[in-house]
Each structure stands twice: as C-alpha cells, then as structure tokens.
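*Asks:* Below you will find the structure I want to go over with you.
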DNA sequence: TAATATTTGTTATAATATAACACTATGTAA
DNA sequence: TTACATAGTGTTATATTATAACAAATATTA
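Protein chains in written order, with the working numbering: chain A, 139 to 270; chain B, 139 to 270.
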C-alpha cells in the first residue's frame, strides 16, 4: 500500500510535526519548528511536504497554503479531499462523508473530461464562532 | 444587484484583461499586461482582484493562484464555485451543474458548522489530452 | 561492483501577496 | 456648498510562499 512506504529522516520529522498539530501548518512555520532537528532550508521542508502529499499522509489546504495530516489511516485519499474551514477561527477539519464522496467520485461533466481527483473546501463559521 | 456596481478605472482595466482571456491569469501576468495602461504596482492589481472576486465578477482558482472571469452574467456565485482543471494542459472551466450545486449547497455536517460558501476543484485530463 | 535512482544540503532567486502611508475621488447629509 | 465618511489610488518597502540548479551522499537494483 502506497502510504506504508518507508519515510526518510526529513520526511519523518516533517510528518511528525504535522501530525502533532490539530490544525494545518504552513511551510515556513514547519521550517521554524524543525530547525532544531537539523533542517535548515525551505527546500528541505517543501521536498518532504511534496512527498507526504504524494503518498497521502498529509493534504494541502489550497486556500490557506497550509498542510494537515490525514487521519484516515487506511486510505489513499490523496485524490479526494473535503475540508471545512471556519473563516473566523481558521479551524480546519477533514470531512469524511460517504454520500458526498460517492456523489463527487461519480460526477461526470458533458465535456468528456476524465477526472482523477478533486478537492472541496467548505467555508463558514464553526459552532463556537457562531455563538460568539 | 451586487455585481452591477460601477467599477473604478483600475478594476475595469483588470477585469477587461481577465474577461478577454479564456484561461485563468496570474496576478503578475496581469500586472505585466496592464503596465501600458498605467498600472505599475502589484498592489494595484491585487486590490482590483480582491474587489472583483468580492463582487463575483471573477473567481480565484486556489490551486493555481490564478483568476478567471465568471461567465454567468446574472449570478452572484462568488459563494459556490466548481471548476474542472486539466492537469496536462492546465485548461480550466467553470462548471455549472444544478444537481451538484444543490447537493453541495445543502450539505450539512454533524459538527454544527454553518457554511456560507464552498469551492470545488476537479482535476483530470480533458478530452484533448486523453487522446494525445 | 557498477549503474541507477532518490534524497540531501546548500545558495540563490523566483513568484505570490500584503503593510503602511499620504493623497484623491466620490457619495451623502447638514 | 461645506463637511464628513467611505472607498480607491499611487508608491515604496517588505513579507510570504515556492522553486532552480548543482554537487554530494545514500539507497536500490542488476
């Protein structure tokens, strides 16, 4: 299975930081955090991020230029991601909704295009931020 | 209606460039194009882009950091966008699919979040690129 | 062991985006 | 008409996000 492949040192360091965070992290904030572990340059971080995205261990939140760990241990859902984003507190959660996924997975347009993946981002206010 | 408001000079210049392009344009490529019209600085472009996005005249393709005109003249669909993106030729099209929109518009999670908008990007190969 | 591919470390730089500030235009209300 | 508020402008400087290029090290495979 693709995402069980062995990670290199830098990839492990970067993944570790992201997995410990409940919220998406930005590349340069990751860089700051891993400097004490011997990673000195942006490119070292970006290379690890690229690989981790590729194998589905993390996802990029495109609208935020940030990266979040994929909690779904058994999956390769690099290719089909859905997120909810609170525009007030910036809380981000990955959504796993079977019905929604099925709907999107089977979506066909009338242009003859062949889709291999999608990314959906919902924006709004989370429960907490509605109250306040 | 929000997007019938009068545009300023810079907003018109920027919108004009984007509307003339069938494909998404990047901010600095727009800047290059509008220099002959007296717009000299990135910020002038970004401010116009922000406003045009806000009133729904254009949309941002988040995964590409690029901007495309909204063809749907009567709409305010700033809040609900769906795109198809060919990963080979980078052709981008806005998708208007009633069934899909309805499905997404009414999507509710179980976290009590209140959604006000969404952005969905499909990736794959267009008809042309499949052939080649 | 050689050949190949992948990852690393490094420096430099490209590409994308915003802060801050003084000024100008436009609309609205007294 | 003046005063005020609001939005937009022009400008310089700078912040943030991301990649190019190259040499060295490591792992894989034949």
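In this text, a Cβ means the ideal position worked out from N, Cα and C, and glycines have one as well. Note that the structure is a prediction, hence the values are computed from the model and not measured.
#1: Between the C-alpha atoms of residue 153(A) and residue 196(A), what's the straight-line distance to the nearest angstrom?
#2: Any residues in the segment 193-212 of chain A with a beta carbon nearer than 7 Å to a beta carbon of chain B? Which ones, in chain order?
#3: Counting only beta-carbon atoms, is residue 264(B) nearer than 8 Å to chain A?
#4: List the endpoints of the continuous beta strand (DSSP E) containing residue 226(A).
#5: Leaving out the 5 sequence neighbours to the left and right, which residues in its chain are closer than 7 Å to residue 162(B) when beta-carbon positions are compared?
#6: Taking the alpha-carbon positions, what's the residue 141(B) to residue 232(A) distance?
#7: Give a yes or no on whether the minimum CB-CB distance between residue 240(B) and chain A is below 8 Å.
#8: Taking the continuous alpha helix (DSSP H) assigned at residue 266(A), which residues delimit it?
#9: Compare the C-beta of residue 257(A) with all C-beta atoms of chain B and state if any pair is closer than 8 Å.
#10: Buried or exposed: residue 253(B), going by 16 or more other Cβ atoms within 10 Å of its Cβ?
#11: Secondary structure at residue 139(A), three-state DSSP: helix, strand or coil?
#12: Quick check on the DSSP output: the alpha helix (DSSP H) that includes residue 233(B) runs from which residue to which?
#13: Hey, how far is the Cα of residue 193(A) from the Cα of residue 145(A)?
#14: To the nearest angstrom, report how far apart residue 271(B) and residue 224(B) are at their CA atoms.
#15: Using CA atoms only, rank isn't needed, just tell me which of 240(A), 250(A) and 149(A) is closest to residue 191(A).
#16: By Cβ distance below 8 Å, which residues in the same chain neighbour residue 234(A) in space, the five residues on each side in sequence not counted?
#17: Is residue 170(B) close to chain A, meaning its C-beta is less than 8 Å from at least one C-beta of that chain?
#18: Applying the 10 Å Cβ sphere with the 16-neighbour rule, what's the burial state of residue 139(B)?
#19: Using a 10 Å radius around the Cβ and a threshold of 16 neighbouring Cβ atoms, would you call residue 171(A) buried or exposed?
#20: Rounding to the nearest angstrom, what Cα-Cα distance links residue 256(A) and residue 217(A) in this structure?
#21: Does residue 233(A) get closer than 8 Å to chain B when you measure Cβ to Cβ?
#22: Can you tell me which of 179(B), 188(B), 250(B) and 263(B) puts its alpha carbon nearest to the alpha carbon of residue 247(A)?
#23: Find the nearest neighbour of residue 208(B) within the set 160(B), 151(B), 270(B) and 175(B), judged by alpha-carbon distance.
#24: Does the Cβ of residue 151(A) have 16 or more other Cβ atoms within 10 Å, making it buried, or fewer, making it exposed?
#25: What would DSSP say about residue 198(A), mapped onto helix, strand or coil?
#26: According to DSSP, residue 163(A) sits in a beta bridge with which residue or residues?
*Replies:* Straight from the coordinates:
#1: 8 Å
#2: 200 and 201
#3: Taking Cβ atoms only, chain A reaches closer than 8 Å to residue 264(B), which makes this a yes.
#4: Where residue 226(A) is concerned, there is no enclosing beta strand (DSSP E), given that its DSSP letter is neither H nor E.
#5: 199, 202, 204, 205, 206 and 230
#6: Residue placement at residue 141(B) is flagged as unreliable, the pLDDT there being 40, under the threshold of 50; the coordinate-derived value follows with that caveat. Computed Cα separation, rounded: 32 Å.
#7: no
#8: 265-269
#9: yes
#10: buried
#11: Residue confidence for residue 139(A) is low, a pLDDT of 33 falling below 50, so the modelled location carries little weight; the figure read from the coordinates is stated next. Three-state DSSP puts residue 139(A) in coil, outside helix and strand.
#12: Here residue 233(B) belongs to no alpha helix (DSSP H), and DSSP marks it neither H nor E.
#13: 10 Å
#14: Since the displayed chain B opens at 139 and closes at 270, residue 271(B) lies outside it and no answer follows.
#15: 149(A)
#16: 210 and 220
#17: no
#18: Because the pLDDT at residue 139(B) is just 34, under 50, the model does not fix this residue reliably, and the point stays unresolved.
#19: Answer is buried; the Cβ neighbour count reaches 16.
#20: Rounded to the nearest angstrom, the two C-alpha atoms are 6 Å apart.
#21: Closer than 8 Å to some Cβ of chain B, the Cβ of residue 233(A) qualifies, so yes.
#22: 263(B)
#23: Ranking 160(B), 151(B), 270(B) and 175(B) by CA distance to the CA of residue 208(B) puts 160(B) first.
#24: buried
#25: strand
#26: 205(A)
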